[in-house]
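Some notes on the structure that comes next.
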Amino acid sequence: MTTSLKCACPSCSCEADGSSVVRKNGQSFCSDACANGHPNQEPCHDAAGACGCTCGG
5 MTTSLKCACP SCSCEADGSS VVRKNGQSFC SDACANGHPN QEPCHDAAGA
55 CGCTCGG
């Protein structure tokens, strides 16, 4: 059984699981952008809003 975790980025609604999970400071994130706190307001995935959340922008 696999448990899905919500990305630790406060404004992200993505799941942080599987082979693409990024771990930083004991937390799980869906992307490097979320793990690094969106320093340049970049979206969590390649296309802005492609995943449906508004974090980073």
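Here this note's numbering is used: the first residue of the sequence shown is 5, the next is one more, and so on.
Every residue, glycine too, gets a C-beta built ideally from N, C-alpha and C.
- Straight across, the Cα-Cα distance linking residue 44 with residue 17 is about 19 Å.
- Per DSSP, residue 37 is one residue of the alpha helix (DSSP H) stretching across 36–39.
- Distance from the CA of residue 37 to the CA of residue 56, rounded to the nearest whole angstrom, comes to 15 Å.
- By the neighbour-count criterion, in which a residue is buried when 16 or more other Cβ atoms sit within 10 angstroms of its Cβ, residue 47 is buried.
- For residue 10, no beta strand (DSSP E) run applies, since DSSP gives it neither H nor E.
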